[in-house]
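Participant: My questions will all concern the structure given below.
Protein chains: 2
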Amino acid sequence: MHMSKSSHTSQAQTIKSLSAIQSEVESINRIALSVDCVIFGFDENKLKVLLIRSDLKKFQGKWSLLGDLVDPREELDEAASRILKQRTGLDDVYMEQVKTFGSLHRHPAGRVVTVVYYSLINIQNHKLKILDNELHWHDVSEIEDLAFDHKQILDCSYEQLQRRVQEHPLAFSLLPKKFSLRELQNVYEAILNIKMDRRNFRKKFFAMDFLVDIDEMEQDVPHRPGKLYNFNYNKYEKKKKKWVGIDF
Amino acid sequence: MHMSKSSHTSQAQTIKSLSAIQSEVESINRIALSVDCVIFGFDENKLKVLLIRSDLKKFQGKWSLLGDLVDPREELDEAASRILKQRTGLDDVYMEQVKTFGSLHRHPAGRVVTVVYYSLINIQNHKLKILDNELHWHDVSEIEDLAFDHKQILDCSYEQLQRRVQEHPLAFSLLPKKFSLRELQNVYEAILNIKMDRRNFRKKFFAMDFLVDIDEMEQDVPHRPGKLYNFNYNKYEKKKKKWVGIDF
DNA sequence: GCAAAAGTGTTTAGTTTACACCCATGC
DNA sequence: GCATGGGTGTAAACTAAACACTTTTGC
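Which chain is which? The protein sequence lines are A and B, in order.
According to my numbering, the residues represented by the first sequence are 2 to 249, in order.
According to my numbering, the residues represented by the second sequence are 2 to 249, in order.
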C-alpha cells in the first residue's frame, strides 16, 4: 500500500498515554461549558420564545436566552432541565439538543462553549415562576437582535423545530392535553408560517388515527364550539412510519 | 399576574456580574472538551467508517473513533478539520456537527464532553496517510462494540446520515467527481439498507436535473459500460425545494 | 338574524410504484 | 455466444390539492 510522504508531525495525539490525557483533562485544556435553552411556547396563535434581559453591560438592553454554566458533575440534559425548571417551574417537558456553538469570542467573559437545547411547553398551563430580568414571552417572528450569538442560536433552533415538527408529533407539546383541531392547525401554521386547507388538514390527522375524540366541546367561544381531542402517544408509537424516499 | 410561591433559591445565576461569570469561566467550572469524528466512506458497495485501535488499556483491543481534545484557542469546526486532516490528509470535505455527548463517566480520564462531527469522504481518491494504531476502514454494518461510548455515537451519526441523505445531496460526497448512476444508486442502497428500482431511481435523478452527462463512459468494466455524470451543485442550489408536508 | 368558525366530500393533478425487454461490452 | 449489467416506458395505485355549502353557537 502506498505510504504518504506527508509529515507526521500531528500524530502525537494518537500515542498519548492515559496519564498524559488525564493531565490535559485536568489542566490546560479545559473550557467553560454552558447550556442555553430555547424555550418555545404557543399563545395568541403565535410561536413565542422565553427571554430575559441580559445581565451584561456589553449587551445592555438586549434580550437573551436562558442559560447557565454546566457544573462538571452535572449531565448536560440535567443542566438543561435545571434551567428550565428554575424559570418555568416545569419538569416534564419535551426537550431536544440542537447544536453546540463554540466560536472563540462568542462570550465576553472568555471562551465559553454552549450546548443548545430547545423545549416546547404549553403556556396556558402555567405562569412563569420567577420574573427577574423581565423574563417573558416574545413573538419569535419579531425578534431582530439578541445578546451574544443568541439570534443565530434562535434561528438555528427554530429551523430545526420547523423541520422536526413535520416529521414528529411535536405540536401537541405546545398545546393543552385537550385541544381542538383548529388549535392544532394554528400551531402548524404558526411554526411553518404557512396557511393550510382546513379540510385537508382534518382529513390528514383523522387518517393518522391517533387523535382521540374525548367527547367534549370548547367552552365560551363566540361561535360554534369545536370538539376536543387528546393525542394518543401509544397509538402513534405503533403506527409511526419508517419514511424512505429521496426528495431534495 | 400570579406570582408563584415556589422557592427562589436557584435564581442566583440570573444576577451574576460579568466578573463573577469571568471567575467561574476561568476556574472551577471548566470541563475538558473533545471533538470526535465519524468519518464515513464508501467502498466495495458498503458504507465504511474509519477507526483506530484505542490507546487506552481500559479499552484494549477495542476500536475507537478519531478524536482529540479541543484547544481553548481553537474553533470546534477547526478541531474537527484538524483531526480529519491529520488522519486522511484531506482538507475540503463535507462535514456536519451531529450532537454533543457529555455523560459524566464516558471517559476514564475524567469528565470529557465531546462534540461529534460526521464527514463524508471519497475513499477511491486517496490513501490513508498515517496508519498508526491500525487506522483503517470498517464496514458500518459489522461494528458491534467500540471503546468509550463510541458505538452509541456511531449509531447516532449513522441515523442522522440516513435522515439527511434523503433530503440533501450528500451521497455525491462519497463518490468520485465522475460516477455512474449505478454507483450512485449503490450509495443510497448501502446507506439506507434497502433495494431500489433501477428505472425509478434513474427517472427520479434525471427529473431533478442536476446530474451533468459528461459524455464519458466507465472503463474496464466486464459488461456494457455506463455513462458517467457530474453533480452540478449550482443547479441544485437553484432548484432545491422548500419542502412542506406533515408526515409521521 | 347575523357574525364566526365548525363540520363535511368529491374531483383533479401529481407522484410513486411495479414491472420486462432489448442493448453494448468483455471474455 | 454468453454472461453481465446498461438503458428505456407505461399503466395502476396512491397521495395531495383545490374547492363551497350547511350547521351550531353567542350576541
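Here a beta-carbon is modelled for each residue, glycine too, at the ideal position from N, C-alpha and C.
Quick caveat: nothing in here was measured; it's all calculated off a predicted structure.
1) What do you get for residue 246 (chain A), buried or exposed, if any count of 16 or more other CB atoms within 10 angstroms of its CB means buried?
2) Note down, in chain order, every chain B residue with its Cβ under 7 Å from the Cβ of residue 32 (chain A).
3) Closer than 9 Å by beta-carbon distance: list the chain A residues that pair up with residue 168 (chain B), in chain order.
4) Could you tell me if residue 255 (chain B) is buried or exposed, where buried requires 16 or more neighbouring beta carbons within 10 angstroms of its beta carbon?
5) Does residue 226 (chain A) get closer than 8 Å to chain B when you measure Cβ to Cβ?
6) For residue 94 (chain A), which three-state DSSP category applies?
7) Quick check on residue 192 (chain B) - is its C-beta less than 8 Å from some C-beta in chain A?
8) Which partner residues of residue 54 (chain A) appear in the DSSP bridge assignment?
9) Any chance the stretch 47 to 66 of chain A sits against the stretch 91 to 110 of chain B, with 3 or more Cβ pairs inside 8 Å?
10) In terms of residues, what are the limits of the alpha helix (DSSP H) holding residue 136 (chain A)?
11) For the stretch 85 to 107 of chain A, enumerate the residues whose C-beta is nearer than 7 Å to any C-beta of chain B, in chain order.
12) Applying the criterion that 16 or more other CB atoms from any shown protein chain within 10 Å of the CB defines a buried residue, is residue 125 (chain A) buried or exposed?
13) What are the boundary residues of the beta strand (DSSP E) that includes residue 1 (chain B)?
14) Would you check if the distance between the CB atom of residue 154 (chain B) and the CB atom of residue 39 (chain B) is smaller than 8 Å?
15) By Cβ distance below 8 Å, which residues in the same chain neighbour residue 127 (chain B) in space, the five residues on each side in sequence not counted?
16) By the criterion of Cβ-Cβ separation under 8 Å, what are the contact partners of residue 200 (chain B) in chain A?
17) Could you list the residues in the stretch 113 to 146 of chain B with a C-beta less than 7 Å from some C-beta on chain A, going in chain order?
18) Check distances from the C-beta atoms of the stretch 44 to 78 of chain B to those of chain A and list, in chain order, the residues that come in under 9 Å.
19) Along the beta strand (DSSP E) that carries residue 31 (chain A), what are the first and last residues, could you check?
20) Counting pairs of Cβ atoms below 8 Å between the stretch 171 to 183 of chain B and the stretch 60 to 79 of chain B, do you hit three or more?
21) For residue 173 (chain B), name the three-state secondary structure that DSSP assigns.
22) Can you confirm whether the stretch 30 to 37 of chain A touches the stretch 101 to 117 of chain A when touching is taken to mean that 3 or more C-beta pairs between the two stretches lie within less than 8 Å?
23) Exposed or buried, which one is residue 191 (chain B) when buried takes at least 16 other CB atoms within 10 Å?
24) So what does DSSP say about residue 247 (chain B), is it helix, strand or coil?
25) Need the endpoints of the alpha helix (DSSP H) that residue 166 (chain B) sits in, please.
26) Return yes when the Cβ of residue 120 (chain A) is within less than 8 Å of the Cβ of residue 85 (chain A), no when it is not.
27) Hey, is residue 204 (chain B)'s beta-carbon within less than 8 Å of any beta-carbon in chain A?
28) Just how far apart, CA to CA, sit residue 196 (chain A) and residue 160 (chain B)?
29) Assign residue 226 (chain A) to buried or exposed, taking buried as 16 or more other Cβ atoms, counted over all protein chains shown, within 10 Å of its Cβ.
30) Please report whether the beta-carbon of residue 230 (chain B) lies at a distance below 8 Å from any beta-carbon of chain A.
31) Please list, in chain order, all residues of the same chain as residue 101 (chain A) whose beta carbon is under 8 Å from its beta carbon, the five residues on each side excluded.
32) When DSSP labels each residue in this structure, what does residue 289 (chain B) get in the three-state scheme?
33) Kindly indicate which residue of A:37, A:184, A:164 and A:239 has the alpha-carbon position closest to the one of residue 218 (chain A).
34) Nearest by alpha-carbon distance to residue 238 (chain B): which of B:210, B:194, B:214 and B:46 is it?
35) For residue 103 (chain A), which option in A:149, A:130, A:87 and A:80 has the closest C-alpha, if you only look at C-alpha atoms?
36) Let me confirm a value: residue 80 (chain B) is counted as buried when at least 16 other C-beta atoms fall within 10 Å, else exposed. Which label applies?
Facilitator: This is what the structure gives:
1) exposed
2) 31, 32, 34, 71 and 73
3) Within chain A, the residues near residue 168 (chain B) are 164, 247, 248 and 249.
4) Missing from the structure shown is residue 255 (chain B); chain B here goes from 2 to 249 and no further.
5) no
6) coil
7) no
8) A:64
9) Not touching, per the Cβ criterion.
10) Segment: none, residue 136 (chain A) is in no alpha helix (DSSP H) and carries neither H nor E.
11) 87, 90, 98, 100, 101, 103, 104 and 105
12) The Cβ neighbour count for residue 125 (chain A), taken over all protein chains shown within 10 Å, is under 16; the residue is labelled exposed.
13) Beyond the ends of chain B as shown, which are 2 and 249, falls residue 1 (chain B); an answer cannot be given.
14) yes
15) 89, 90 and 91
16) Contacts between residue 200 (chain B) and chain A, judged by CB atoms closer than 8 Å, are missing: the closest CB pair is about 14 Å apart.
17) 113, 114, 116, 128, 130, 131, 133 and 134
18) 53, 56, 57, 58, 59, 67, 68, 69, 70, 71, 72, 73, 74, 75, 76, 77 and 78
19) 31 to 44
20) no
21) helix
22) yes
23) Residue 191 (chain B) comes out buried.
24) In this structure, residue 247 (chain B) counts as coil in the three-state DSSP scheme.
25) 151 to 166
26) yes
27) No, residue 204 (chain B) lies away from the interface with chain A (no Cβ there is under 8 Å from its Cβ).
28) 32 Å
29) exposed
30) no
31) 114, 115, 116 and 117
32) No answer is possible for residue 289 (chain B): it lies beyond the span of chain B, which begins at 2 and ends at 249.
33) A:184
34) B:210
35) A:149
36) Residue burial annotation: residue 80 (chain B) is buried, with at least 16 other C-beta atoms found within 10 angstroms of its C-beta.
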